[in-house]
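Peer 1: Below is a structure I'd like to ask you about.
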Amino acid sequence: MHTDMKKRKFTKEEKLQIIKEATEQGVNVTLEKHGIYPATYYGWKKKFETMGEAGFRHGMTPAQLKEIKRLEKENETLKKLLAEKELEGRLKDDMLKKKYAWARKKK
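In terms of my numbering, the sequence shown opens at residue -12 and continues consecutively.
Here you go:
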C-alpha cells in the first residue's frame, strides 16, 4: 500500500468503476493502483450490494436509505391498488351501461 495516501473523495462513478475493476482484475491489484485501503473498498462494496447505487448518495445513512426503499415499495403498492380501483370502476360503469342500455333506447 502507499504510505503517502491522502484523504481523497471519490465520486459515485469512480467507486462503481473501482468495484467493477476489482471484480475483473483482482482486489489487491486494483486497491494498490488507486491507493485505496481494503476497509474503504469493502465498505463501498457492501453499500453497493445492499443498497445499489443509492448507497453512494452523499450523506445518506443506511437507515435513511432503508426508509426510502420502504417508502418506494409502499408507493408502488399504492399505485397498483389505485390502478385496480380505477379499472374496477370502469368495469362497473361498462356493466351498468350494458344492463340499462334498454332504458336509454326507449327515450
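The C-beta atom is built at its ideal place from N, Cα and C for all residues, glycine as well.
1) Quick check: what's the CA-CA separation for ASP81 versus ARG57?
2) Quick check: the stretch 7 to 26 against the stretch 57 to 66, are there 3 or more CB pairs under 8 Å?
3) Count the CB pairs spanning the stretch -3 to 12 and the stretch 20 to 34 that are closer than 8 Å, and state whether there are at least three.
4) In this structure, how does DSSP classify MET(-12) when only helix, strand and coil are distinguished?
Peer 2: So, from the data block:
1) 36 Å
2) no
3) yes
4) Low confidence applies here, because MET(-12) scores a pLDDT of 46, under 50, leaving its location unreliable and the question unanswered by this model.
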